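K.L.:
Right, I'll just put the structure down here and ask away after.
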Amino acid sequence: MAQVIVVTSGKGGVGKTTSSAAIATGLALKGHKTVVIDFDIGLRNLDLIMGCERRVVYDFVNVINGEANLNQALIKDKRNPNLFILPASQTRDKDALTVEGVGKVLDNLKADFDYIVCDSPAGIEQGAMMAQYYADIAIVTTNPEVSSVRDSDRILGILQSKSKRAIENLEPVKEYLLLTRYSPKRVSTGEMLSVDDVKDILAIDLIGVIPESQAVLKASNAGVPVILDEESDAGEAYKDVIERMMGSEVQLRFIQEQKKGILKRIFGS
Ligand SMILES: Nc1ncnc2c1ncn2[C@@H]1O[C@H](COP(=O)(O)OP(=O)(O)O)[C@@H](O)[C@H]1O
Ligand SMILES: [Mg+2]
Numbered sequence: 239m240a241q242v243i244v245v246t247s248g249k250g251g252v253g254k255t256t257s258s259a260a261i262a263t264g265l266a267l268k269g270h271k272t273v274v275i276d277f278d279i280g281l282r283n284l285d286l287i288m289g290c291e292r293r294v295v296y297d298f299v300n301v302i303n304g305e306a307n308l309n310q311a312l313i314k315d316k317r318n319p320n321l322f323i324l325p326a327s328q329t330r331d332k333d334a335l336t337v338e339g340v341g342k343v344l345d346n347l348k349a350d351f352d353y354i355v356c357d358s359p360a361g362i363e364q365g366a367m368m369a370q371y372y373a374d375i376a377i378v379t380t381n382p383e384v385s386s387v388r389d390s391d392r393i394l395g396i397l398q399s400k401s402k403r404a405i406e407n408l409e410p411v412k413e414y415l416l417l418t419r420y421s422p423k424r425v426s427t428g429e430m431l432s433v434d435d436v437k438d439i440l441a442i443d444l445i446g447v448i449p450e451s452q453a454v455l456k457a458s459n460a461g462v463p464v465i466l467d468e469e470s471d472a473g474e475a476y477k478d479v480i481e482r483m484m485g486s487e488v489q490l491r492f493i494q495e496q497k498k499g500i501l502k503r504i505f506g507s
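The working numbering applies: residue 239 is where the sequence shown begins, and numbers increase by one.
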């Protein structure tokens, strides 16, 4: 039976779609059959980041409305046979995502997949509420700044009161903190909160810290999830996240400022 993972945040632009693409790809690389669903109706970012935007014919809302079946709408990733993408509709109204409709699609997917990754829109509107509703695991994506942390706290409140697990009095959604766009340099100058600051405020388990990295924009422009960029620190950090999800203990990396060596200090870089 598949695990449903929601990648969520209160604030927009924190790295949810980047993380959804990386995590889904990482799980597939581990041999798990994985589908990643774009819940951001109207925006359609995920298919761009996954590099499959030209293959989109049918979408999530078409399936909910019975205009296409899952088989027609799922896009097979061109790099990994274990990975599928269910794209968002670009035009339709956000109320198309209903509890019944989403539940039916997830039930169908559960029979076939190991992991279902739900890329949530920001905030607490319908799309975001539906993305978190059926979650078993929540990856609360947060940037190391006060407004993002505050909004993540709000999302934790939603998960604990409005998820199916909360409503049906089941074991709570397992919540993890994913700290993204982390810049050790800006932490040391006091412009950003540190890993410990954020952990203290939100008080949930940390699943990873992704550094601020040029490689992310490069990867999304190329339509290749950054976890496939062997050279990038952000890609390596996402690989560590997958290892932790699989139960390994992996030390945090990329959280200390890179000090310049003596030669670089004398001669410049
Ligand atoms: N680790 C990172 N380093 C640098 N830029 C990042 C990082 N993560 C995300 N971004 C950038 O931040 C922006 C928002 O990312 P996105 O994943 O679309 O966020 P969301 O889905 O939360 O709105 C994009 O321009 C993306 O390239
Ligand atoms: Mg997004």
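C-beta atoms are modelled at their ideal positions from N, C-alpha and C, and glycine is treated no differently.
If you're wondering where the values come from, they're calculated on a predicted model, not measured in any experiment.
1. What's the C-alpha gap between residue 362 and residue 337?
2. Mind listing, in chain order, the continuous alpha helix (DSSP H) runs of no fewer than 4 residues lying wholly within the region 470–502?
3. Do residue 334 and residue 287 count as a contact pair if the criterion is CB distance below 8 Å?
4. Does residue 456 come within less than 8 Å of chain B when only Cβ atoms are used?
5. What do you reckon, is the C-beta of residue 392 under 7 Å from a heavy atom of ligand 1?
6. At a threshold of 7 Å, does residue 275 count as lining ligand 1 (C-beta to nearest heavy atom)?
7. According to the Cβ coordinates, are residue 352 and residue 246 closer than 8 Å?
8. Using a Cβ-Cβ cut-off of 6 Å (strictly less than) and excluding sequence neighbours within five positions of residue 412, which residues of its own chain qualify?
9. For residue 309, verify whether its CB is less than 7 Å away from any heavy atom of ligand 2.
10. Let's test the definition: count the other Cβ atoms within 10 Å of the Cβ of residue 368 and tell me whether it reaches 16, buried, or not, exposed.
11. Is the beta carbon of residue 454 sitting closer than 8 Å to the one on residue 263?
12. Give the C-beta separation of residue 451 and residue 471 to the nearest angstrom, bearing in mind that I take them to be a contact with Cβ-Cβ under 8 Å.
13. Kindly confirm or deny that the region 297–316 and the region 386–401 touch, where touching means at least three C-beta pairs closer than 8 Å.
14. So, helix, strand or coil for residue 464, using DSSP?
15. Any heavy atom of ligand 1 within a distance shorter than 7 Å of the CB on residue 253?
16. Would the C-beta of residue 427 count as close to ligand 1, meaning under 7 Å from any of its heavy atoms?
17. In its own chain, which residues sit with a C-beta less than 6 Å from the C-beta of residue 290, not counting the 5 before and 5 after it?
P.N.:
Inspection of the coordinates gives the following:
1. As a working mapping, residue 362 is identified with position 124 in the sequence shown. As a working mapping, residue 337 is identified with position 99 in the sequence shown. C-alpha separation (whole angstroms): 15 Å.
2. 471–483
3. Taking the sequence shown and counting its residues from 1, the one referred to as residue 287 is at position 49. Taking the sequence shown and counting its residues from 1, the one referred to as residue 334 is at position 96. No. Outside cutoff.
4. No chain B appears in the structure shown, which is made up of a single protein chain.
5. Within the sequence shown, the letter at position 154 stands for residue 392. False, no ligand heavy atom lies under 7 Å from that Cβ.
6. Within the sequence shown, the letter at position 37 stands for residue 275. False, no ligand heavy atom lies under 7 Å from that Cβ.
7. As a working mapping, residue 352 is identified with position 114 in the sequence shown. As a working mapping, residue 246 is identified with position 8 in the sequence shown. No; because the gap between Cβ atoms is not below 8 Å, this pair is not in contact.
8. On the sequence shown, residue 412 is found 174 positions in, with the first residue counted as 1. Excluding sequence neighbours, residue 412 sits near 375.
9. As a first step, residue 309 is located in the sequence shown; it is residue number 71 there, counting from the start. Checking every heavy atom of ligand 2 against the Cβ of residue 309, none is found closer than 7 Å.
10. If you number the sequence shown from 1, residue 368 lands on position 130. The residue is buried, with at least 16 neighbouring Cβ atoms inside 10 Å.
11. Translated into positions along the sequence shown, residue 454 becomes position 216. Translated into positions along the sequence shown, residue 263 becomes position 25. Not closer than 8 Å, so no.
12. Position 213 of the sequence shown, counted from the start, is the residue given in the question as residue 451. Position 233 of the sequence shown, counted from the start, is the residue given in the question as residue 471. The Cβ separation is near 6 Å, so the contact holds.
13. no
14. As a working note, residue 464 is residue 226 in the sequence shown. Three-state DSSP puts residue 464 in a helix.
15. Translated into the one-based positions of the sequence shown, residue 253 becomes position 15. Checking the Cβ of residue 253 against ligand 1 gives yes.
16. Residue numbering aside, residue 427 sits at position 189 when the sequence shown is read from its first letter. No, Cβ of residue 427 sits at least 7 Å from all heavy atoms of ligand 1.
17. Here residue 290 refers to the residue found at position 52 of the sequence shown. Around residue 290: 313, 323.
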